[in-house]
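A quick write-up on the structure given underneath.
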Amino acid sequence: MTHEQKTQLWVAGIFIAVIIIITIIAAVVSSGGSGSSSTPGFTATQTSAATSTDHMRGNTTAKVTMIEYGDYECPACGQYEPLVQQLYKSYGDRVLFIFRNFPLYQIHPFAMISAQATEAANLQGKYWEMHDLLYSKQNEWSTDTNLTPSDVISKYFNGYAQSIGINVTQFDTDINSAAVKARIQSDLALGNAAQIDHTPTFFINNMQIPNPQSLADFQKDLDAALASSTSNVATSTSK
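This is the structure in structure tokens:
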């Protein structure tokens, strides 16, 4: 074998080795070895643990908590709401469910006033009743875009308040109160700290998850959390 032939074989060997290394690296990355999320482009963030001031449904000592940041005018939030309601019914006291306000008021003209409506209802002990009503009637009040936020109160929200047993005069006073607005700003601050950029956004045990595409996907995430949780991580004593 001539020197030239030996050189050609050596170069060919190096080329084959490089191809093998590249193939191995590609296989590791595609299998998740890089630590990237299984959802392309998704990077999980964390949010603050639930506190006694949060709006809660379920068992406050549950080992698993699911926090939703939502906007009452957001169509996607409205579409997810029946799934969340079903989860609440299905999981009972095994999961603590939390809702935090994240009104996208820059694009939804009634997002802020609808959040204020739920917080005003909360002052009369009717938070979840108003929460559920605003979502179930979202197509009614949110599509009347010729109205101002004040008009929405008088045309829709006052009637909703009356239907769930709220003192409407007090509701009208509370809906624009400093306390109600401060509560919403507190939730917004938590959402911004968690780098939320869309609604709804869901967190299980304070870690963001990609938005599930079905009830089964939600159940898979919650069941995995229940299986891996060994102590109560649902609540914190301070905000």
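Residue numbers (numbering that gives the first Met the number 0): 0 to 238. The C-beta atom is built at its ideal place from N, Cα and C for all residues, glycine as well.
Next on the checklist: Check whether the segment 104–119 and the segment 167–180 touch, using three or more Cβ-Cβ pairs below 8 angstroms as the test.
Outcome noted: yes
Checklist entry - Given that a residue counts as buried once 16 or more other Cβ atoms are within 10 Å of its Cβ, and exposed if not, what is Ala75? => result Numbered from 1 along the sequence shown, position 76 holds the residue referred to as residue 75. Classification of Ala75: exposed, given that the 10 Å Cβ count is below 16.
Next on the checklist: DSSP has Phe201 in a bridge; who is on the other side?
Outcome noted: As a working note, residue 201 is residue 202 in the sequence shown. According to DSSP, Phe201 bridges with Glu67 and Ile208.
Checklist entry - Taking C-alpha atoms, which residue in Ala181, Lys180, Thr64 and Gln85 lies nearest to Asp131? => result Sequence index remark: in the sequence shown, residue 131 carries index 132 (1-based). Checking every option, the nearest Cα to that of Asp131 belongs to Gln85.
Checklist entry - Once you ignore the five residues that flank Leu189 on each side, which residues in its own chain have a CB closer than 7 angstroms to its CB? => result Working through the sequence shown from its first residue, we reach residue 189 at position 190. Contacts found: Thr46, Ser47 and Arg99.
Checklist entry - In three-state terms, what does DSSP make of Phe96? => result For the purposes of this step, residue 96 is identified with residue 97 of the sequence shown, where counting begins at 1. Reduced to three states, the DSSP call for Phe96 is strand.
Checklist entry - Can you give the Cα-Cα distance for Asp138 and Trp127, rounded to whole angstroms? => result Start at 1 with the first residue of the sequence shown, and residue 138 comes out as number 139. Start at 1 with the first residue of the sequence shown, and residue 127 comes out as number 128. The displayed chain sequence assigns Asn, not Asp, to residue 138. If I take the Cα positions, the gap works out to 19 angstroms.
Item to check | Neighbourhood of Tyr246 by C-beta distance below 6 angstroms, restricted to the same chain and skipping five residues each side | outcome: The requested residue 246 is not part of the displayed model; the chain covers only 0 to 238.
Item to check | Stretch-stretch touch, CB-based, cutoff 8 angstroms, three pairs: the segment 197–215 with the segment 137–151 | outcome: no
Next on the checklist: To the nearest angstrom, how far is the alpha carbon of Asp70 from that of Leu103?
Outcome noted: For this step, residue 70 is matched to residue 71 along the sequence shown. For this step, residue 103 is matched to residue 104 along the sequence shown. In this structure, the alpha-carbon of Asp70 lies about 6 angstroms from that of Leu103.
Item to check | Within 8 angstroms, strictly: CB atoms of Leu214 and Tyr90 | outcome: Residue mapping note: residue 214 aligns to position 215 of the sequence shown, counting from 1. Residue mapping note: residue 90 aligns to position 91 of the sequence shown, counting from 1. No, the pair does not count as a contact, with Cβ atoms beyond the cut-off.
Item to check | Identified DSSP bridge partners for Gln45 | outcome: Within the sequence shown, numbered from 1, the residue matching residue 45 stands at position 46. Paired residue(s): Met206.
Checklist entry - With C-beta atoms as the reference, is Val94 less than 8 angstroms away from Thr64? => result For the purposes of this step, residue 94 is taken as the residue at position 95 of the sequence shown. For the purposes of this step, residue 64 is taken as the residue at position 65 of the sequence shown. In contact: Val94 and Thr64 (Cβ atoms closer than 8 angstroms).
Item to check | Pair within 8 angstroms by beta-carbon distance, Ser113 and Glu80 | outcome: The residue labelled residue 113 in the question sits at position 114 within the sequence shown. The residue labelled residue 80 in the question sits at position 81 within the sequence shown. No, these two residues do not count as a Cβ contact at 8 angstroms.
Checklist entry - Any C-beta of chain C sitting closer than 8 angstroms to the C-beta of Phe170? => result Among the chains of the structure shown, chain C does not appear; only one protein chain is present.
Next on the checklist: Classify Gly40: buried if its beta carbon has 16 or more other beta carbons within 10 angstroms, exposed otherwise.
Outcome noted: The count along the sequence shown starts at 1 and reaches residue 40 at position 41. Exposed: under 16 other Cβ atoms inside 10 Å.
Item to check | Reduced DSSP secondary structure (H/G/I, E/B, other) of Ala25 | outcome: In the sequence shown, residue 25 corresponds to position 26, counting from 1. In this prediction, Ala25 scores a pLDDT of 34, lower than 50, which makes its location untrustworthy; the coordinate-derived value is nonetheless stated afterwards. It is helical.
Checklist entry - In three-state terms, what does DSSP make of Gly57? => result Here residue 57 is taken as the residue at index 58 of the sequence shown, counted from 1. Three-state DSSP puts Gly57 in a strand.
Next on the checklist: So for Lys5, helix, strand or coil by DSSP?
Outcome noted: Along the sequence shown, read from residue 1 onward, the residue named residue 5 stands at position 6. Low confidence applies to Lys5: its pLDDT is 44, below 50, so where it sits in the model is not reliable, and the reading given next is rough at best. Residue state, collapsed to three classes: helix.
Next on the checklist: Phe109 and Thr198 - do their beta-carbons sit closer together than 8 angstroms?
Outcome noted: Taking the first residue of the sequence shown as position 1, residue 198 is located at position 199. Taking the first residue of the sequence shown as position 1, residue 109 is located at position 110. No, these two residues do not count as a Cβ contact at 8 angstroms.
Next on the checklist: Could you tell me which whole alpha helix (DSSP H) segments of length 4 or greater appear in the segment 111–147?
Outcome noted: 126–135 and 137–140
Checklist entry - For Ala233, which of helix, strand or coil comes out of DSSP? => result In the sequence shown, counting from the first residue as 1, residue 233 sits at position 234. Caution applies to Ala233, whose pLDDT of 47 falls short of 50 and renders its modelled position unreliable; the model cannot decide the point.
Checklist entry - Quick one, which of Ser51, Tyr68 and Ala43 has its alpha-carbon nearest Ile184's? => result As a working mapping, residue 184 is identified with position 185 in the sequence shown. In the sequence as presented, Ile is not what sits at residue 184; that position holds Gln. Selected option, being the one with the closest Cα: Tyr68.
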